[in-house]
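Under the working numbering, the very last position in the sequence shown is 218; numbers go up by exactly one each time. C-beta: ideal position from N, C-alpha, C; glycine also. Input: a single structure, listed below in structure tokens.
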Amino acid sequence: MNARTLSAGLASVALISFALGCEKGTPASAMLASKPTGLSPNFSASASNHHMRWDIVSINFATGTASAGGIASARANDNSKITLTGSGMFRSNPGNPQDVTGGGTWRTFDASGGSTGTGSYTVTGLVSFTVAPGTFPLPHDNIGNSADAGSGLLVVRIAYSDGSDGSLVVSCHFVGTPDAVFEGVTASKGFVDYWNREAPPAPPGDANRTAFHVID
């Protein structure tokens with residue numbers, strides 16, 4: 003997302019938006035340069051066997067607060083769409099994944115926006131998780147300790163309530179995360195790959211944002 007001209011009343015909101023989930027948010031990165039980039043001591047440890055939590059998050063831009071319970075969408079090759087909620091937990095050790103839990107809701111739409119299905123999904127297995135550099139940019143964190151929040155790329159297997167199987171990719175981009183890392187989710191469902199993630203909207207739009215936390 004390129005930098006946008008916002009009114010003075012939205013200036014602080016713009017900084018939060020560009021910092022959380024805007025891959026090309028250089029203006030916000032410069033303004034927040036006083037916050038150290040890279041991995042926090044707690045989150046960098048997640049490369050070993052630590053208990054982790056992932057969330058599709060909701061952002062209150064008035065207070066600068068991240069909470070669970072957000073939504074994220076991705077589109078298939080014909081522009082049909084899947085919209086997901088969700089959270090879960092896992093052990094970050096790929097050699098011996100443990101405690102893999104989680105799930106949420108799904109809803110699919112055709113290319114014209116008509117609803118084609120809805121239900122829930124359950125996480126059934128961990129494929130991989132890799133930590134990325136990045137610093138949590140918000141003043142308030144309702145999910146966990148902001149010092150334990152970080153960026154990364156998670157891939158899990160999921161089972162949908164209608165009997166289909168698929169995968170979910172959760173990608174998180176914070177301040178200082180390389181621009182190659184996107185913010186949001188992609189998913190597959192049966193033979194359809196919703197590969198084209200929707201980018202986070204400008205504030206006060208609240209969608210397509212994610213976060214990871216070390217919880218042990």
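Review point. What is the C-beta distance between A134 and G154, in whole angstroms, given that I count them as a contact (C-beta under 8 Å)?
Key: 5 Å
Check your understanding: So the beta strand (DSSP E) V133 belongs to, where does it begin and stop?
Key -> S117 to A134
Check your understanding: How long is the line joining the alpha carbons of F92 and F184, rounded to whole angstroms?
Key -> 21 Å
**Study point:** As assigned by DSSP and simplified to three states, the class of K26
**Key:** At K26 the pLDDT is 40, less than 50, meaning the model places this residue with poor confidence; the figure from the coordinates comes in the next sentence. Looking at K26 - three-state DSSP - the assignment turns out to be coil, as it is neither helix nor strand.
Practice item. Report the residue from G207, G127 and P202 whose alpha carbon sits nearest the alpha carbon of F63. Key: G207
Point to revise | Spatially closest choice to S148 from N51, S69 and H53, by CA coordinates | key: S69
Practice item. Answer yes or no: do S75 and I84 have a C-beta to C-beta separation smaller than 8 Å? Key: yes
**Study point:** Cut-off 6 Å between Cβ atoms - residues of its own chain near W56, not counting five sequence neighbours on either side
**Key:** G90, L156, V172 and F214
Exercise for review: Rank T110, S163, R109 and H175 by C-alpha distance to the C-alpha of P139 and give the top, closest one.
Suggested key: H175
Practice item. Measure the C-alpha to C-alpha separation of H142 and G186 and round it to an integer number of angstroms. Key: 20 Å
Check your understanding: On the premise that D164 lies in contact with G1, defined as a C-beta separation below 8 Å, what is that separation, rounded to the nearest angstrom?
Key -> In the structure as shown, the chain starts at 3 and stops at 218, and residue 1 therefore has no counterpart that could be examined.
Check your understanding: What is the DSSP secondary structure of S94, reduced to helix, strand or coil?
Key -> coil
**Study point:** Alpha-carbon spacing of E200 relative to D150, whole angstroms
**Key:** 26 Å
Review point. What are the boundary residues of the beta strand (DSSP E) that R109 is part of?
Key: T103 to F111
Point to revise | Buried or exposed (CB count within 10 angstroms, at least 16 for buried), N198 | key: exposed
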